[in-house]
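S.K.: In our numbering, the protein residues as written are 86 to 207. Backbone N, C-alpha and C define an ideal beta-carbon position, used for all residues, glycine too. The structure under discussion is supplied below as C-alpha cells; questions concerning it will follow.
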C-alpha cells in the first residue's frame, strides 16, 4: 500500500514510530511525502529511520480537528517540494485551518499550546 501512495500519514504514538518506520522502510521506493503527527519526534530521526532522502512534514494538530474545526501547525524539511507542501495543505486543511512555521523548534511551542489552547476558547 505504501508503495502506491503520494503521502503517508504517520499517526502513531511517538514511542512506536521507530518500529513503524522500520516496517515501511522497504516499501518507500517512490519516496512518498511522510506527514508525521507524532509529538516531539524530530524530522531528522524519521528521515534516518526511513533510510534518508525522505520528504517529511511534521505537524501538530489540536483536538478540535476531530470535528473539523482545528488548527494544525506544520513544518517541512528541505526535501519537501512545493507540490508536496500543497498536498500536505490539502490533507490537513480537511480537518480545519493550518499554518506553516519556519523552523522545527517552533513546532515544539505549537505542541505546548495545542494541548491547552482550545480549552481557553470554550
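Spatial neighbours of residue 166 within its chain, please: CB distance less than 8 Å, with the 5 preceding and 5 following residues excluded, ordered by chain position.
M.R.: Taken in chain order, the residues that qualify are 140.
S.K.: With a 10 Å radius around its C-beta and 16 neighbouring C-beta atoms as the bar for buried, classify residue 152 as buried or exposed.
M.R.: Exposed.
S.K.: Scan the region 129 to 205 and note each continuous beta strand (DSSP E) run of 3 residues or more that stays entirely inside, going in chain order.
M.R.: Taking only runs of at least 3 residues, the beta strand (DSSP E) segments lying wholly in the region 129 to 205 are 141 to 146, 155 to 161 and 181 to 185.
S.K.: Report the rounded CA-to-CA distance for residue 127 versus residue 189, giving the unit in angstroms.
M.R.: Cα to Cα, the separation comes out at about 8 Å.
S.K.: Specify the secondary structure class of residue 101 as computed by DSSP and reduced to three states.
M.R.: Three-state DSSP puts residue 101 in a helix.
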